[in-house]
Amino acid sequence: MGANETGYIGQSLRRKEDARFLTGAGQYTDDVTMAHQTHAFFLRSPHAHAKIRGIDTAKAKKAPGVVAIYTGADLEGVNGLPCGWLITSVDGTPMKEPPHHVLAKDKVCYVGDHVALIIAETLDQAKDASELIVVDYDVLKAVVNCADALKPGAPQIHDLAPGNQCYKWAIGDKAAVDAAFAKAAHVTQLDIVNNRLVPNAIEPRAAVASYARADESYTLYVTSQNPHVERLLMTAFVLGLPEHKVRVIAPDVGGGFGSKIYLYAEETAMVWASKRVNRPIKWVAERSESFLSDAHGRDHVTHVELAMDKDGKFLAMRVDTIAAMGAYLSTFASCIPTILYATLLAGQYTTPAIYCEVTAAFTNTAPVDAYRGAGRPEATYVVERVVHQAAVEMGIPQDELRRRNFIRTFPYQTPVALLYDTGGYDATLDEAMKMADVNGYPARKADAAKRGKLRGIGYASYIEACGIAPSNIAGALGARAGLFEAGEVRVHPTGSVTVFTGSHSHGQGHETTFAQVVATRLGIPVENVDIVHGDTGRVLFGMGTYGSRSLAVGGTAIVKALDKIVAKGKKIAAHLLEAAEADIEFKDGKFSVAGTDRSKTFGEVALTAYVPHNYPLDKLEPGLNETAFYDPTNFTFPAGTHICEIEIDPDTGVTRIVNFSACDDFGNIINPMIVEGQVHGGLCQGIGQALLENCVYDKESGQLLTGSLMDYALPRADDVPSFKVSTKVTPCTHNPLGAKGCGEAGAIGAPAALMNAVLDALAPVGVKHFDMPASPHRVWRAIQSAQANA
Amino acid sequence: MYTIEYQKPKSVADAASLLAKSGGKALAGGQSLVAAMKLRLAQPGTLVDLGAIPDLKGIRKEGDALSIGAMTRHAEIAASTEVKRAIPVLASLAEGIGDRQVRNMGTLGGSLANNDPAADWPAAVLALNATVITNKRKIAAGDFFKGMYETALGADEIIVAVSFPAPKRCAYAKFPNPASRFALVGVFVAQLADGSVRVAVTGAASSVFRSAPLEAALAKSFTADAAKGVKVDAAALNNDLHGSPAYRAHLIAVMAARAVGAAG
Numbered sequence: 054m055g056a057n058e059t060g061y062i063g064q065s066l067r068r069k070e071d072a073r074f075l076t077g078a079g080q081y082t083d084d085v086t087m088a089h090q091t092h093a094f095f096l097r098s099p100h101a102h103a104k105i106r107g108i109d110t111a112k113a114k115k116a117p118g119v120v121a122i123y124t125g126a127d128l129e130g131v132n133g134l135p136c137g138w139l140i141t142s143v144d145g146t147p148m149k150e151p152p153h154h155v156l157a158k159d160k161v162c163y164v165g166d167h168v169a170l171i172i173a174e175t176l177d178q179a180k181d182a183s184e185l186i187v188v189d190y191d192v193l194k195a196v197v198n199c200a201d202a203l204k205p206g207a208p209q210i211h212d213l214a215p216g217n218q219c220y221k222w223a224i225g226d227k228a229a230v231d232a233a234f235a236k237a238a239h240v241t242q243l244d245i246v247n248n249r250l251v252p253n254a255i256e257p258r259a260a261v262a263s264y265a266r267a268d269e270s271y272t273l274y275v276t277s278q279n280p281h282v283e284r285l286l287m288t289a290f291v292l293g294l295p296e297h298k299v300r301v302i303a304p305d306v307g308g309g310f311g312s313k314i315y316l317y318a319e320e321t322a323m324v325w326a327s328k329r330v331n332r333p334i335k336w337v338a339e340r341s342e343s344f345l346s347d348a349h350g351r352d353h354v355t356h357v358e359l360a361m362d363k364d365g366k367f368l369a370m371r372v373d374t375i376a377a378m379g380a381y382l383s384t385f386a387s388c389i390p391t392i393l394y395a396t397l398l399a400g401q402y403t404t405p406a407i408y409c410e411v412t413a414a415f416t417n418t419a420p421v422d423a424y425r426g427a428g429r430p431e432a433t434y435v436v437e438r439v440v441h442q443a444a445v446e447m448g449i450p451q452d453e454l455r456r457r458n459f460i461r462t463f464p465y466q467t468p469v470a471l472l473y474d475t476g477g478y479d480a481t482l483d484e485a486m487k488m489a490d491v492n493g494y495p496a497r498k499a500d501a502a503k504r505g506k507l508r509g510i511g512y513a514s515y516i517e518a519c520g521i522a523p524s525n526i527a528g529a530l531g532a533r534a535g536l537f538e539a540g541e542v543r544v545h546p547t548g549s550v551t552v553f554t555g556s557h558s559h560g561q562g563h564e565t566t567f568a569q570v571v572a573t574r575l576g577i578p579v580e581n582v583d584i585v586h587g588d589t590g591r592v593l594f595g596m597g598t599y600g601s602r603s604l605a606v607g608g609t610a611i612v613k614a615l616d617k618i619v620a621k622g623k624k625i626a627a628h629l630l631e632a633a634e635a636d637i638e639f640k641d642g643k644f645s646v647a648g649t650d651r652s653k654t655f656g657e658v659a660l661t662a663y664v665p666h667n668y669p670l671d672k673l674e675p676g677l678n679e680t681a682f683y684d685p686t687n688f689t690f691p692a693g694t695h696i697c698e699i700e701i702d703p704d705t706g707v708t709r710i711v712n713f714s715a716c717d718d719f720g721n722i723i724n725p726m727i728v729e730g731q732v733h734g735g736l737c738q739g740i741g742q743a744l745l746e747n748c749v750y751d752k753e754s755g756q757l758l759t760g761s762l763m764d765y766a767l768p769r770a771d772d773v774p775s776f777k778v779s780t781k782v783t784p785c786t787h788n789p790l791g792a793k794g795c796g797e798a799g800a801i802g803a804p805a806a807l808m809n810a811v812l813d814a815l816a817p818v819g820v821k822h823f824d825m826p827a828s829p830h831r832v833w834r835a836i837q838s839a840q841a842n843a
Numbered sequence: 136m137y138t139i140e141y142q143k144p145k146s147v148a149d150a151a152s153l154l155a156k157s158g159g160k161a162l163a164g165g166q167s168l169v170a171a172m173k174l175r176l177a178q179p180g181t182l183v184d185l186g187a188i189p190d191l192k193g194i195r196k197e198g199d200a201l202s203i204g205a206m207t208r209h210a211e212i213a214a215s216t217e218v219k220r221a222i223p224v225l226a227s228l229a230e231g232i233g234d235r236q237v238r239n240m241g242t243l244g245g246s247l248a249n250n251d252p253a254a255d256w257p258a259a260v261l262a263l264n265a266t267v268i269t270n271k272r273k274i275a276a277g278d279f280f281k282g283m284y285e286t287a288l289g290a291d292e293i294i295v296a297v298s299f300p301a302p303k304r305c306a307y308a309k310f311p312n313p314a315s316r317f318a319l320v321g322v323f324v325a326q327l328a329d330g331s332v333r334v335a336v337t338g339a340a341s342s343v344f345r346s347a348p349l350e351a352a353l354a355k356s357f358t359a360d361a362a363k364g365v366k367v368d369a370a371a372l373n374n375d376l377h378g379s380p381a382y383r384a385h386l387i388a389v390m391a392a393r394a395v396g397a398a399g
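Which chain is which? The protein sequence lines are L and B, in order.
Letter by letter, the first sequence follows residues 54 to 843 in the working numbering.
Letter by letter, the second sequence follows residues 136 to 399 in the working numbering.
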């Protein structure tokens, strides 16, 4: 396929990476096997909260095949796992950061907490040995619910965090909000629980750590979304190793959804141990370990109030949220329910005053951190649920109330810190309504009623902040790292190109999308471009992939490097064509002298750069290899409207999605097929949260009750409909690709759209309030209790 | 998985004597047992694989009854024209078990011997008044299921086949657990050749059971409305994340009604 005027931009190219994935040629961490490799098993706490009086490993150490056993006491000089974002409480104090030991020292704080690392010749031997370890626990009372954890008398988890409070943070103008509420014609209030989720990437977490005595270096293969960040945190903050002596490789990774951003205890302990045992160590999580120890998502309890004038114009919003942190602060835990949540509470609306308080609580559960959407699904859920309820209470049609409050002039400064650069919210709402055939809905509802079914329709007009993030803004908000991205474009002598990106693909299709950008810009066949990612030994630096940032930030870094390639190419071409550099134009893979037919192809210029026989060596270095770092000037703001239509069988409580329409504005789109795939995946996860998924710990014992797929309900193909998706485009104004990001939108819009539909369907039977998930049992119970109270 | 000794005998007699000698467990597809072994929840010591015994396989019409060998896989039953001709509901029940991998490995006999409280086959066996034929005796369905994961089988007793008498009509309606897709409530309704009605319920209690009130109501009037009108007692029913006893009791009547509707 050749490149034309717009090259490959906007073309649904088949994914370059799929051939290897579909034929079993992918190289995942578990595919890495090293000579003399040992196997690791982690002994985990069976208790949610307990003091460790002692650990006896003597017998286990003598078990067959055991190479070494380490406990917290062995990790002398190893620091705790750090949190990358400092949140400051309203009283000016920094958030509480209790020690997050790599292996537990004196206590365990959740079921699954790491107690010992057993290294043996085989995995079964490591497991056998683990059963011989005797841990003397003094079991303490546990608290698993974030609201309960803040109540007086709750079990105290960390000495450093009295009352289990990590921080109490706020954003917005409280006085302005109070004043607006005082003159409101109507106030709508809701109490909302955002259910805890377990990420469940299809590839569980895994690591292979090795040490080379020859040069005192370490190599870690690990399921990571951001290997450079993993290396930086591990070397500089935890293990005190020289960064240049550690290579972190995240090879093919089978899904992340946030859960593979973080620095975890397992690989950290293994890198440390690899030098002690002087042999490679492999660990692959079993699914039940993933449930216990991967960082979970969501888990908010929120009270929201929306003040309106008599026409339904939003005057102010007040939000009070309790967010679970889990037992310890995971890598980015603190910023999810604050920076990535409360700043999105304006939604698509002109609400002039917003005040949000967030109290973060420690609980005896797995840590909570970013999960697809990370704060933004929670914000959309609060905003769109309360807007739905307000429309019901005011008797205003759902679309009409939204339209009365849409932002229409850009740039728009929200009262919660963000500056929206562009958007077109009417367009996505109009299109979604067309796709959903809203006009035909009353007839469909009547038909359903005839069949004894309850039909409902729900809207969610969401916004998200992606392209994370302008480092200066993030820094001012507490980020302890920059959030730029790096790219390197290496042109080979024959004109083919290898691109090294700090973004990481674990399902997103970067190897195709980025290649389309590069091939188009250089006017070369897409087959001549390879994308390399996920290796600190090959890629100069990178902040990784999360927050729908890869194309907007990582892609732009590549574009900046391409600009440098073209600029240097022009110099070389000017020399070859004996023209002034200012007269050289580059288009469709050719450097030409403006207004003439004299030109040199990209390949000729590349060859000249590496075979500089006729070359301005006095002015210009040979070679054609450029790097760029790009730090965005603003977030990007993908937005759209999702409309969900459902039917409930009141006999069984089963909710069936009959139609799901999503119209999204992701800015410019490089590969529509990949974008559509991302939307489908996101919608499935959003529908999963709203319909099926719910992570439950036992209130008394703190045991994880949904510890396997037997009890934790993931969506299957027959749980979701054939989606209708489309896009509208307002290009992002501040990156050269005009791209906003699409990876999380589905998971952000779907829960609110689906639950609004459920509430619409249940309204006639008297159900006024209902929390996710809309599982059959819960829906049936809601109907029963509404009828009992009627 | 703990270390085990693995045996693969060629005859039922050899299998029985290996089980008697070792105190081990029979492997009849392994879709529950092997998973439990991998999780270290089961430690059988010796595993006696029944997969190489020809006498345990096959589907035959025997008079008015359908005889299915214990080691016949769910997928084989689902695809069997013999089953579809004699008692088609058994084929569709088999088609609804687990996923394709489970159906390709799991067996009728394995499922019955395991007697998982949410398994499908026990409901069919109990409602159709089938006979479980072992290497030692014939056990009536009503005497076979003893409680959660408990059956009348002795330690070295092996199911050889199950004989299903053809009913007048029957149907099975399963309400799946949204996570596992095992039966949260599964109701097998049958009107036997002699006109009697049997209703077996799986998934709802500690073991499969017959519902006397549903049988009584359907004996009077074999209609969906009759089933739906029955108030099922929730007292002994399971309570878990996916369903309270009251919900399960309600679903039993709803699923019974749907099964009756499907039975025609």
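For glycine and all other residues, C-beta sits at the position ideal for the given N, C-alpha and C.
Burial of valine 707/L is indicated by the presence of at least 16 other C-beta atoms within 10 angstroms of its C-beta. Taking a Cβ-Cβ cut-off of 9 Å, proline 691/L has no neighbours in chain B, whose nearest Cβ is about 31 Å from it. Closest in alpha carbon position to tyrosine 512/L, among Ile699/L, Asp191/L and Ala229/L, is Ile699/L. For the stretch 495-507 of chain L, the beta-carbon criterion of a distance under 9 Å to any beta-carbon of chain B is satisfied by none of its residues. In terms of beta-carbon proximity, arginine 834/L lines the interface with chain B, with at least one pair separated by less than 8 Å.
In the assembly as shown, threonine 138/B is an exposed residue. Its beta-carbon has fewer than 16 other beta-carbons within 10 Å. Per DSSP, reduced to three states, the secondary structure at glutamate 283/L is helical. The Cβ of leucine 376/B sits closer than 8 Å to at least one Cβ of chain L. Shown here for aspartate 189/L: same chain residues with a beta carbon closer than 6 Å to its own, the five before and five after excluded, namely Arg106 and Gly107 in chain order. Rounded to the nearest whole angstrom, the CA to CA distance from serine 157/B to threonine 181/B is 6 Å. Secondary structure at serine 146/B: coil, using DSSP grouped into helix, strand and coil.
For the stretch 312-336 of chain B, the beta-carbon criterion of a distance under 7 Å to any beta-carbon of chain L is satisfied by Pro313, Ala314 and Ser315.
Under the three-pair Cβ rule at 8 Å, the stretch 707-725 of chain L does not count as touching the stretch 530-546 of chain L. Take threonine 146/L, set aside five residues on each side of it, and no residue of its chain has a beta-carbon closer than 7 Å to its own.
Just so you know, the alpha carbons of threonine 654/L and leucine 139/L end up roughly 51 Å apart. Within 10 angstroms of the beta-carbon of asparagine 331/L lie fewer than 16 other beta-carbons, which makes it exposed.
The stretch 77-97 of chain L and the stretch 248-261 of chain L touch, with three or more beta-carbon pairs separated by less than 8 Å. Under the 8 Å criterion on CB atoms, tyrosine 765/L is classed as interfacial with respect to chain B. Spanning the alpha carbons of isoleucine 526/L and lysine 752/L requires a straight line of approximately 40 Å. Residue contact check for tyrosine 382/B against chain L: a CB pair falls below 8 Å.
When only Cα atoms are considered, leucine 285/L and threonine 598/L end up about 16 Å apart.
The Cβ of arginine 272/B sits no closer than 8 Å to any Cβ of chain L. DSSP places phenylalanine 567/L in the uninterrupted alpha helix (DSSP H) bounded by 563-575.
Closest by C-alpha distance to threonine 86/L, out of Thr272/L, Pro468/L, Val120/L and Gly548/L, is Thr272/L. Listed in chain order, the non-local C-beta contacts of alanine 414/L below 8 Å within the same chain comprise Cys199, Ala200, Ala202, Leu203, Asn217, Gln218, Cys219, Ile375, Ala376, Ala377 and Met378, local neighbours out to five positions each way being set aside. DSSP places lysine 180/L outside any beta strand (DSSP E); the residue lies instead in the alpha helix (DSSP H), whose first and last residues are 176-183. Of the other Cβ atoms in all chains shown, fewer than 16 fall within 10 Å of the Cβ of glycine 648/L; this residue is therefore exposed. Counting along the chain, glycine 706/L sits inside no beta strand (DSSP E), nor does DSSP assign it H or E at all. Look at the stretch 293-312 of chain B: the residues with a C-beta under 9 Å from a C-beta of chain L are Phe310 and Asn312. At a cut-off of 8 Å between beta-carbon atoms, histidine 92/L makes no contact with chain B. Taking 8 Å as the CB threshold, arginine 175/B lines the interface with chain L. In the DSSP annotation of this structure, threonine 547/L is not part of any alpha helix (DSSP H), being labelled neither H nor E.
Within 7 Å of the CB of proline 829/L, the CB atoms of chain B belong to Pro313, in sequence order along the chain.
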